[in-house]
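Working notes for the structure below.
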Amino acid sequence: MDKNTITGIVLMGLLLFGFTFYQNKQYQKQAAYQAQLDSIALVKQIQADTIAAVEAARMKSDTASVAQVAAPVSIYKDSLLEVAHSGEEQIVALSNDKFEVAFTTKGAQPYSARLKDYSAYGGEELYLFKPGMSRYDVQIYAGESISTDDFIFTVAEKTDTSLSMRLPFAGGGYIEQRYTIEEGSYSVKNYLSFVGMENVIPKNVFSFDVDYFVTMPRMEKGYKNEVQYSKLDYYFNGEKKPEAIAKGRGAQKRVDAKVSWFAFQQQFFSAIMRAPQEFASADFALNYFPEDDESHNLMTGEARMRMDFEPGHSETVVPFEFYFGPNHFKTLKSYGQKYEKIIPLGGWLVGWFTRFVIIPLFDFLHRFISNFGIIILLMTIFIKIVVLPFAYKSYSSSAKMQAIKPEIDKLNEKYPKQEDALKKQQAQMDLYKRAGISPMGGCLPMLLQFPILWAMFRFFPASIELRQQSFLWADDLSAYDSIVSFGTRIPLIGDHLSLFALLMAVSMFFYSKITTASQPGANDPQMASMRFMSVWMMPIMMFFICNSLSSGLSYYYLLSNLITMLETWVIRKWFVNADEIRAKLKATEGKKMPKSKWQQRLEEAQRMQAQMQREQQKKGRR
1 MDKNTITGIV LMGLLLFGFT FYQNKQYQKQ AAYQAQLDSI ALVKQIQADT
51 IAAVEAARMK SDTASVAQVA APVSIYKDSL LEVAHSGEEQ IVALSNDKFE
101 VAFTTKGAQP YSARLKDYSA YGGEELYLFK PGMSRYDVQI YAGESISTDD
151 FIFTVAEKTD TSLSMRLPFA GGGYIEQRYT IEEGSYSVKN YLSFVGMENV
201 IPKNVFSFDV DYFVTMPRME KGYKNEVQYS KLDYYFNGEK KPEAIAKGRG
251 AQKRVDAKVS WFAFQQQFFS AIMRAPQEFA SADFALNYFP EDDESHNLMT
301 GEARMRMDFE PGHSETVVPF EFYFGPNHFK TLKSYGQKYE KIIPLGGWLV
351 GWFTRFVIIP LFDFLHRFIS NFGIIILLMT IFIKIVVLPF AYKSYSSSAK
401 MQAIKPEIDK LNEKYPKQED ALKKQQAQMD LYKRAGISPM GGCLPMLLQF
451 PILWAMFRFF PASIELRQQS FLWADDLSAY DSIVSFGTRI PLIGDHLSLF
501 ALLMAVSMFF YSKITTASQP GANDPQMASM RFMSVWMMPI MMFFICNSLS
551 SGLSYYYLLS NLITMLETWV IRKWFVNADE IRAKLKATEG KKMPKSKWQQ
601 RLEEAQRMQA QMQREQQKKG RR
């Protein structure tokens with residue numbers, strides 16, 4: 001081998017060794033890097049498995065497993081809070097002759113409220129809120145942020161009328177929720193106490209929050225009526241009446257002022273919370289479920305309140321009061337907190353009439369009569385008798401108009417043209433004067449009756465006395481009666497046909513037809529639209545409105561129309577003599593009658609109107 005060959009072999013060996021050494025180093029680095037990645041992946045997998053195990057343990061309420069898996073991780077600084085966080089929930093109930101309220105140790109809060117004297121439509125037990133469908137949570141900073149809804153309280157005391165539950169702290173203090181009830185009452189008194197917490201709650205904590213959420217189920221026959229009369233009320237101390245939001249539509253409201261109480265109001269029942277020391281501020285919200293909700297829920301009420309707090313005391317007691325009961329006027333009034341103001345009585349215009357006439361009369365008749373259909377009949381007759389002196393002038397004026405109708409028809413034939421309208425009106429006024437008819441005689445009585453009609457419109461759908469009371473074919477006078485169910489929803493009508501609403505519309509049609517037939521200008525084409533509105537449109541509109549409302553309301557309107565037609569017939573037959581009126585017209589024919597001040601003002605206005613029309617015509621010719 002020559003020198004060059006040996007040199008080449010040596011160089012090739014060195015290159016091979018170097019390449020092998022480099023490849024080995026790279027392999028080691030790659031292996032180390034892969035090992036690092038595998039380690040990270042393993043750690044992540046372990047973490048994921050741990051978290052999954054903890055969550056699974058929590059969902060199964062397996063306290064032992066949670067302690068084993070999550071022992072190294074503490075959620076709360078306070079050791080007793082840590083224990084209370086994973087305790088076992090208990091349900092404890094308080095009951096009297098009116099209701100049963102169940103409480104859960106998880107959060108020491110109301111769990112369900114069942115009323116004993118009432119049932120839901122269909123016969124089921126009536127729950128104001130069903131088990132687990134409410135949340136009453138206190139949030140405060142006690143060395144760390146806590147919410148009572150996260151902890152299991154310990155039952156400290158239980159009697160037939162009271163329940164005390166406590167949440168202890170490692171420092172020796174505790175938070176206590178005490179609930180008491182009384183026989184014959186729908187009230188639950190609640191005392192929130194902070195005992196021995198002066199060293200736990202910092203001196204700079206001057207408030208705490210209270211959250212109260214309730215989901216109320218449907219309880220009545222008609223969804224539309226139930227939603228329309230369900231709302232959220234809140235009351236400022238010293239005011240005449242509460243404020244209201246969400247009347248049939250979801251709404252929310254921020255109140256930056258002290259609030260005495262608020263109510264989640266369903267059509268006939270309410271959940272009310274009151275703070276004797278007043279809430280410092282509040283956020284309210286109310287939302288409704290759709291009619292086809294599978295859980296058959298009606299609405300969800302939300303209230304977030306802030307309460308003032310004075311730190312540094314060995315014991316601080318904050319009182320609250322709940323009302324879980326019916327929207328019965330006398331029952332609500334008996335608590336002396338103006339709860340009865342949540343019942344819609346018709347506002348300032350007719351509220352006084354509902355409160356001082358309708359409700360007392362209704363209660364008086366109910367003492368002797370159990371059939372509410374008969375009670376409504378007697379109440380309608382009584383109201384008609386009371387307003388008869390005012391209505392008589394209207395009915396007699398209508399009867400006199402009927403008596404002079406032939407003379408009015410002659411005037412229409414004499415003055416057929418539009419330009420003769422002023423002359424025709426003057427002739428009609430002279431005719432009324434000679435017959436002793438006041439053109440405005442029937443207006444005032446009608447105005448006096450309108451508040452009564454409106455008062456009844458508000459009273460019947462909100463009257464719990466009519467709830468589930470049957471009469472004739474109606475199974476519930478507070479809801480619609482249904483003689484035909486369509487099986488599907490039809491625009492304007494709904495999914496049913498109410499016979500009381502239909503009969504009411506028919507009676508209104510005949511009464512309007514009788515009334516308009518005696519009005520002046522009944523054959524005048526200009527009056528055709530007004531007659532159409534009165535005779536046809538109003539009955540049809542009232543039918544659409546009342547078809548889904550209280551059958552007791554439609555029944556009352558039906559009775560009112562029938563009695564009105566009877567009164568009109570009696571007055572025309574025995575109190576207004578058509579022959580005497582015609583004889584009076586004949587005797588005064590051609591004589592100049594003195595004009596009343598109202599007639600003088602009317603004629604002056606007509607002359608001014610005619611003069612303005614002539615001036616406009618002159619300008620148009622130019």
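For the sequence shown, position 604 (counting from the first letter as 1) is numbered 604 according to the numbering used here, and the numbering increases by one without interruption. All C-beta atoms, glycine included, are put in the ideal place defined by N, C-alpha and C.
{"query": "6 Å CB neighbourhood of Q68 in its chain, flanking five on each side removed", "result": "Model confidence at Q68 stands at a pLDDT of 46, short of 50, so the residue's coordinates are unreliable and nothing is read from them."}
{"query": "Nearest-angstrom Cα separation, counted from I342 out to L549", "result": "20 Å"}
{"query": "4 or more residues per run - each alpha helix (DSSP H) lying fully within the region 165-249", "result": "223-228"}
{"query": "F634 and F324 closer than 7 Å at C-beta", "result": "Because the chain spans 1 through 622 in this model, residue 634 falls outside it and cannot be assessed."}
{"query": "Option in T154, S162, F356 and V210 with minimal Cα separation from P168", "result": "T154"}
{"query": "Proximity test, I201 beta-carbon vs the ligand COA heavy atom, cut-off 6 Å", "result": "Questions concerning the ligand COA fall outside what the structure shown contains, since it holds no ligand whatsoever."}
{"query": "Environment of T161 [buried if 16+ CB atoms lie within 10 Å]", "result": "exposed"}
{"query": "Presumed contact (8 Å Cβ cut-off) between F353 and A263, rounded CB distance", "result": "That belief does not hold up - the Cβ atoms of F353 and A263 are roughly 24 Å apart, past 8 Å."}
{"query": "Sequence-distant residues of its chain with Cβ nearer than 6 Å to K384 (five each side left out)", "result": "I563"}
{"query": "I358 versus L349: straight-line alpha-carbon distance, rounded", "result": "14 Å"}
{"query": "Secondary structure of T154, DSSP reduced to three states", "result": "strand"}
{"query": "Cα-Cα separation, F320 to L81", "result": "25 Å"}
{"query": "Beta-carbon proximity list for E183, same chain, < 7 Å, skipping 5 on both sides", "result": "N96 and D97"}
{"query": "Closest Cα partner of R135 within the set L492, T104 and I464", "result": "T104"}
{"query": "Whole runs of the alpha helix (DSSP H) within the region 469-527, excluding any shorter than 4 residues", "result": "499-517"}
{"query": "Neighbourhood of Q252 by C-beta distance below 6 Å, restricted to the same chain and skipping five residues each side", "result": "A285"}
{"query": "Residue(s) in a DSSP beta bridge with T104", "result": "I91 and Q109"}
{"query": "Nearest candidate by alpha-carbon position, reference E124, set R114, G132 and M133", "result": "R114"}
{"query": "Under 7 Å between C-beta atoms of L94 and I181", "result": "yes"}
{"query": "Segment contact, 8 Å Cβ cut-off, at least three pairs: the region 327-334 with the region 241-252", "result": "no"}
{"query": "As assigned by DSSP and simplified to three states, the class of F289", "result": "coil"}
{"query": "Collapsed DSSP secondary structure at Q616 in the structure displayed", "result": "helix"}
{"query": "Stretch-stretch touch, CB-based, cutoff 8 Å, three pairs: the region 213-226 with the region 288-307", "result": "yes"}
{"query": "CB contact flag (Y555, I374, <7 Å)", "result": "no"}
{"query": "F450 to T488 span [Cα, whole Å]", "result": "35 Å"}
{"query": "Proximal residues to Q616 (C-beta, below 7 Å), its chain only, five neighbours per side dropped", "result": "none"}
{"query": "Simplified DSSP assignment, three categories, for G301", "result": "strand"}
{"query": "For T316, the nearest candidate out of R304, P290, N327 and Q277 (CA to CA)", "result": "Q277"}
{"query": "Strand pairing of F326, partner residues [DSSP]", "result": "In the sequence as displayed, the identity of residue 326 is Pro instead of Phe. P326 pairs with F269."}
{"query": "S482 and H496 closer than 7 Å at C-beta", "result": "yes"}
{"query": "Pairwise C-alpha distance: A474 and M608", "result": "57 Å"}
{"query": "Proximity below 7 Å, CB of A462 to CB of P311", "result": "no"}
{"query": "Span of the alpha helix (DSSP H) around A623", "result": "The question about residue 623 has no answer here: the residues shown for the chain are numbered 1 through 622."}
{"query": "Alpha helix (DSSP H) runs contained entirely in the region 116-147, provided each spans 4 or more residues", "result": "none"}
{"query": "Inter-residue Cα distance where the pair is R614 and F362", "result": "60 Å"}
{"query": "Length of the line joining the Cα atoms of E176 and Y121", "result": "38 Å"}
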